[in-house]
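Colleague: Sharing a structure below in structure tokens format, with a few things to ask.
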Amino acid sequence: MTTDIALGRIIAVAGNTATVRLSGILAEGAGATPSTHVVMNSAAVGAMVRIKVENLILFGSVGRIFPNGQFIDADISFIGEGLVSKTGDLVDFRRGVSRYPFPGDAVYGTSHDDWTQIFRPAGKSTISFGTIHPTADITASLNLDLLLGKHFAVLGSTGVGKSTSVAQLLHKILAAAPNGHVVLIDPHGEYASAFRENSIHLDVDTLKLPYWLMNFEEHAEAFLTGEGSSRERDRDILGKSLLTVRQKNYLNIEIDKVTADSPIPYFISDLVEELEKEAGKLEKAADASRYIRLKLKIEEVCQDPRYGFMFSNRLTGDSMDELLSTILRIPTQSKPLTILDVSGVPSEIVSVVVAMIARLIFDYSIWSRGERQTPILLVCEEAQRYLPREDSTMKPAAQRNFERIAKEGRKHGISLGLISQRPSDLSESVLSQCGTLFVLRLTTERDQDFIKSAVPDWAHGVVGSISSLRNRECIVFGEAVPIPVRVAIDFLEESRRPSSNDPLFTEAWSAPQNADGMVGRIIKRWRNQRHETN
146 MTTDIALGRI IAVAGNTATV RLSGILAEGA GATPSTHVVM NSAAVGAMVR
196 IKVENLILFG SVGRIFPNGQ FIDADISFIG EGLVSKTGDL VDFRRGVSRY
246 PFPGDAVYGT SHDDWTQIFR PAGKSTISFG TIHPTADITA SLNLDLLLGK
296 HFAVLGSTGV GKSTSVAQLL HKILAAAPNG HVVLIDPHGE YASAFRENSI
346 HLDVDTLKLP YWLMNFEEHA EAFLTGEGSS RERDRDILGK SLLTVRQKNY
396 LNIEIDKVTA DSPIPYFISD LVEELEKEAG KLEKAADASR YIRLKLKIEE
446 VCQDPRYGFM FSNRLTGDSM DELLSTILRI PTQSKPLTIL DVSGVPSEIV
496 SVVVAMIARL IFDYSIWSRG ERQTPILLVC EEAQRYLPRE DSTMKPAAQR
546 NFERIAKEGR KHGISLGLIS QRPSDLSESV LSQCGTLFVL RLTTERDQDF
596 IKSAVPDWAH GVVGSISSLR NRECIVFGEA VPIPVRVAID FLEESRRPSS
646 NDPLFTEAWS APQNADGMVG RIIKRWRNQR HETN
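Rendered as structure tokens:
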């Protein structure tokens with residue numbers, strides 16, 4: 146029910162905003178000192194207020210409170226409206242405004258019933274993510290179809306509970322959609338412990354990603370080292386040789402036209418031989434050296450055991466069907482989540498691996514048109530690595546592939562979830578494609594300003610509290626929620642959290658330690674470049 150005490154009255158209306166003169170004045174009289182004006186919590190910056198306009202209840206967000214002579218005024222931005230029932234309650238809340246108030250109209254604080262109606266779960270596609278601050282019992286509901294249908298991003302500084310929040314969100318999604326298809330790119334190997342029962346875990350020991358699945362751009366990124374015009378000449382050499390060996394099509398795969406991008410298996414030894422043959426045709430040693438340098442680079446990569454998950458003689462068969470079925474979870478087999486742990490992938494090629502995964506998912510979705518719909522959620526941790534804010538003419542393959550998914554993925558049933566600790570380093574154009582933002586505490590002014598530039602002006606009052614959020618709290622903006630709201634994220638059991646907790650120095654250093662061969666075991670894993678599994 147509406148509170149009976151008006152916070153103030155409107156004194157001006159302009160476009161989608163209004164100015165409110167709050168009740169009470171700074172008392173100034175003969176012999177009196179100015180009194181301290183106390184504003185109710187309902188009129189605090191970022192709070193939501195309500196105004197009755199004919200048969201509607203209009204809602205606005207307080208953006209600024211400022212002294213105006215002997216009065217205190219506040220700016221509010223209109224958010225949405227709902228109908229007034231016969232009992233005076235709010236029903237049918239919706240964004241946008243069809244009626245505007247007039248100067249003199251009273252402004253009230255919102256009530257518990259208002260928030261309950263606004264966040265009332267609607268349909269089976271709604272999931273619960275937490276509790277609305279500062280209430281203790283109103284659930285923050287997310288519209289799952291709108292969350293996934295228009296991409297989302299989870300942003301927050303290191304150490305504020307970002308990984309746990311992502312895990313909680315994915316747990317909720319998978320509980321609502323047990324036959325979903327979710328792929329999580331995990332750069333730190335921390336999520337496997339959170340999804341032991343409903344996921345498969347692929348790392349350098351279990352992932353078999355054949356080199357021949359790389360397209361031409363990914364081949365170039367993996368093998369070429371030059372820059373500028375020199376790199377362009379090397380690209381031409383690689384492209385011509387790659388096309389030749391793909392056209393051999395030794396498995397006789399039915400295909401109308403073979404290009405340098407065609408996912409046709411070939412022998413890496415054939416590529417090396419082709420480069421040698423082309424080099425032998427050249428009279429000038431300087432020209433031949435380009436072929437030899439490229440040949441040596443390919444041999445170096447193929448002989449490095451760290452790259453065995455890609456460049457192995459056992460990966461020359463046509464395993465494309467098995468690989469895509471495994472990664473995309475088709476069928477799900479009660480494990481709808483694939484965790485791609487790239488923590489053990491050599492840093493020199495990890496960007497190529499991520500680029501391949503993103504492109505394979507996108508290409509699969511494009512060519513699945515006409516088949517049964519299989520929407521896919523691709524979640525990328527440390528997204529600023531692959532989608533940097535700096536724009537360049539020579540974009541890495543991963544950046545190009547993710548940008549394409551961000552801009553075109555929704556048409557083909559791909560949802561993108563971006564996770565980043567440095568939103569100011571993230572591509573602004575890609576972030577603008579995310580319909581829902583989950584913003585945890587951000588400690589740097591640069592990151593806070595970046596978020597302000599990404600949300601509507603009327604939400605700036607809510608944004609102002611980002612630096613003061615507690616752990617396990619976030620502000621949710623966008624399509625999945627009726628209005629921007631501060632949320633206390635639901636508690637997640639220890640067994641369902643990622644293994645990302647920071648070590649407690651005082652606890653670890655307080656007791657005497659028995660090495661018990663620990664250093665030797667670490668050195669063994671170090672030398673073998675392999676983490677032992679339990």
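Numbering of the sequence shown is given in our numbering, commencing with residue 146 and proceeding in unit increments.
For every residue, glycine included, the Cβ atom is placed at its ideal position computed from N, Cα and C.
Predicted model only: the values in this text are computed from it and were never measured.
Have a look at the DSSP bridge pairing and note the partners of C525.
Modeller: Counting from 1 along the sequence shown, the entry for residue 525 is found at position 380. For C525, which the question treats as bridged, DSSP gives the partners I330, L563.
Colleague: Give me the residue from L582, L439, N213, A633 with the minimum Cα distance to L292.
Modeller: Reading the sequence shown from its first residue, position 147 is the one you call residue 292. The shortest Cα separation from L292 among L582, L439, N213, A633 belongs to L582.
Colleague: Where does I400 land, buried or exposed, given buried means 16+ other C-beta within 10 angstroms?
Modeller: Numbered from 1 along the sequence shown, position 255 holds the residue referred to as residue 400. By the 10 Å Cβ count, I400 comes out exposed.
Colleague: Are there three or more Cβ pairs, one per stretch, closer than 8 angstroms when the region 530-548 is compared with the region 276-289?
Modeller: Pairwise C-beta distances place the region 530-548 out of contact with the region 276-289, as fewer than three of them are shorter than 8 angstroms.
Colleague: Note the first and the last residue of the continuous alpha helix (DSSP H) segment covering V497.
Modeller: Your numbering for residue 497 matches position 352 in the sequence shown. That run of the alpha helix (DSSP H) goes 495-512.
Colleague: Quick one: what does DSSP say N161 is sitting in, helix, strand or coil?
Modeller: To locate residue 161, count along the sequence shown from 1; it is residue 16. Of the three classes helix, strand and coil, the one that applies to N161 here is coil, per DSSP.
Colleague: Looking at C-beta atoms only, is the number of pairs between the region 380-392 and the region 408-420 that lie closer than 8 angstroms three or more?
Modeller: yes
Colleague: Let's see if you can read the secondary structure: which residues bound the beta strand (DSSP E) around N394?
Modeller: If you number the sequence shown from 1, residue 394 lands on position 249. Premise fails: N394 is in no beta strand (DSSP E) and is neither H nor E.
Colleague: Look up T309 in the DSSP assignment and say whether it is helix, strand or coil.
Modeller: Position 164 of the sequence shown holds residue 309. If DSSP states are grouped into helix, strand and coil, T309 belongs with the helices.
Colleague: Relative to the alpha-carbon of E467, which residue among L522, P355, L201 has its alpha-carbon at the smallest distance?
Modeller: Here residue 467 refers to the residue found at position 322 of the sequence shown. The residue with the shortest Cα to Cα distance from E467 is P355.
Colleague: Which residue marks the beginning of the beta strand (DSSP E) containing K197, and which one marks its end?
Modeller: Here the question's residue 197 lines up with position 52 in the sequence shown. Run containing K197: 193-198, per the beta strand (DSSP E) assignment.
Colleague: Across the region 657-668 and the region 638-645, are there enough close Cβ pairs to call them in contact, namely three or more that are closer than 8 angstroms?
Modeller: no
Colleague: Please report the residue range of the beta strand (DSSP E) in which L203 lies.
Modeller: As a position in the sequence shown, residue 203 is number 58, starting the count at 1. Unbroken beta strand (DSSP E) run through L203: 201-213.
Colleague: Kindly confirm or deny that the region 195-208 and the region 244-262 touch, where touching means at least three C-beta pairs closer than 8 angstroms.
Modeller: Yes, the region 195-208 touches the region 244-262.
Colleague: Let's test the definition: count the other Cβ atoms within 10 Å of the Cβ of G174 and tell me whether it reaches 16, buried, or not, exposed.
Modeller: On the sequence shown, position 29 is the one that residue 174 refers to. Low confidence applies here, because G174 scores a pLDDT of 37, under 50, leaving its location unreliable; read the following figure in that light. Classification of G174: exposed, given that the 10 Å Cβ count is below 16.
Colleague: From which residue to which residue does the beta strand (DSSP E) around E618 run?
Modeller: Taking the sequence shown and counting its residues from 1, the one referred to as residue 618 is at position 473. 618-623 is the extent of the beta strand (DSSP E) around E618.
Colleague: Between the alpha carbons of E553 and G153, how many angstroms are there, rounded?
Modeller: Taking the first residue of the sequence shown as position 1, residue 553 is located at position 408. Taking the first residue of the sequence shown as position 1, residue 153 is located at position 8. Near 47 angstroms, if we compare the C-alpha coordinates of G153 and E553.
Colleague: With a threshold of 8 angstroms on Cβ separation, who are the neighbours of F368 within its own chain once the five nearest residues in sequence on each side are excluded?
Modeller: Taking the first residue of the sequence shown as 1, we reach residue 368 at position 223. Cβ within range, chain order: L383, L439, K442, I443, V446.
Colleague: Decide if G301 is buried, meaning its Cβ has at least 16 other Cβ atoms within 10 Å, or exposed.
Modeller: Taking the sequence shown and counting its residues from 1, the one referred to as residue 301 is at position 156. Buried, since its Cβ has 16 or more Cβ neighbours within 10 Å.
Colleague: So is K307 buried or exposed if we call it buried at 16+ other beta carbons inside 10 Å?
Modeller: Position 162 of the sequence shown holds residue 307. Classification for K307: buried.
Colleague: Give a yes or no on contact between the region 459-466 and the region 312-321, applying the rule of three or more CB pairs nearer than 8 angstroms.
Modeller: Because the criterion of three Cβ pairs below 8 angstroms is not met, the region 459-466 and the region 312-321 do not touch.
Colleague: What is the residue span of the beta strand (DSSP E) that F274 lies within?
Modeller: Taking the sequence shown and counting its residues from 1, one reaches residue 274 at position 129. Run containing F274: 271-277, per the beta strand (DSSP E) assignment.
Colleague: Opposite P533 in the DSSP bridges: which residues?
Modeller: Locating residue 533 in the sequence shown gives position 388, counting from the first residue. Answer by DSSP bridge pairing, in chain order: L571.
Colleague: Which residue wins for smallest C-alpha separation from V621, given the options C579, Q448, G241?
Modeller: The residue you call residue 621 lines up with position 476 of the sequence shown. Minimum Cα distance to V621 is reached at C579.
Colleague: For a test of the three-state rule: what should DSSP assign to V664, helix, strand or coil?
Modeller: For the purposes of this step, residue 664 is identified with residue 519 of the sequence shown, where counting begins at 1. Note: V664 maps to helix in three-state DSSP.
Colleague: Where does G549 fall in DSSP's three states?
Modeller: In the sequence shown, the residue the question calls residue 549 occupies position 404. Just to set this straight, residue 549 is Arg in the shown sequence, not Gly. Helix at R549.
Colleague: Would you mind stating whether L523 and V311 have Cβ atoms separated by less than 8 angstroms?
Modeller: Locating residue 523 in the sequence shown gives position 378, where the first residue counts as 1. Locating residue 311 in the sequence shown gives position 166, where the first residue counts as 1. In this structure, V311 does not lie closer than 8 angstroms to L523 by Cβ.
Colleague: According to DSSP, which residues form a beta bridge with S226?
Modeller: On the sequence shown, residue 226 is found 81 positions in, with the first residue counted as 1. The residue asked about is misnamed: residue 226 is Glu in this sequence, not Ser. In DSSP, E226 forms a bridge with L203, R239.
Colleague: Comparing C-alpha positions only, which one of E335, L416, D258 sits nearest to L485?
Modeller: By one-based count along the sequence shown, residue 485 stands at place 340. Taking only the C-alpha atoms, the option nearest L485 is E335.
Colleague: Could you compute how far the alpha carbon of R586 sits from the alpha carbon of E618?
Modeller: In the sequence shown, counting from the first residue as 1, residue 586 sits at position 441. In the sequence shown, counting from the first residue as 1, residue 618 sits at position 473. Near 8 angstroms, if we compare the C-alpha coordinates of E618 and R586.
Colleague: Spatial neighbours of I272 within its chain, please: C-beta separation below 6 angstroms, excluding the five flanking residues on both sides.
Modeller: Start at 1 with the first residue of the sequence shown, and residue 272 comes out as number 127. These residues qualify, in order along the chain: L287, L289, K317, A321.
Colleague: In terms of residue numbering, what span does the beta strand (DSSP E) encompassing F681 cover?
Modeller: No answer is possible for residue 681: it lies beyond the span of the chain, which begins at 146 and ends at 679.
Colleague: Measure the alpha-carbon distance for T284 versus S270 and round it to whole angstroms.
Modeller: Sequence index remark: in the sequence shown, residue 284 carries index 139 (1-based). Sequence index remark: in the sequence shown, residue 270 carries index 125 (1-based). Roughly 15 angstroms between the two C-alpha positions.
Colleague: Assess contact between the region 369-383 and the region 495-509, defined as three or more Cβ pairs (one per stretch) separated by less than 8 angstroms. Is contact present?
Modeller: no
Colleague: Decide yes or no for the touch test of the region 236-244 against the region 584-599: beta carbon pairs closer than 8 angstroms, at least 3 of them.
Modeller: no
Colleague: Shortest alpha-carbon distance to F297 belongs to which of G562, T651, N616?
Modeller: The residue labelled residue 297 in the question sits at position 152 within the sequence shown. When only C-alpha atoms are compared, the closest one is G562.
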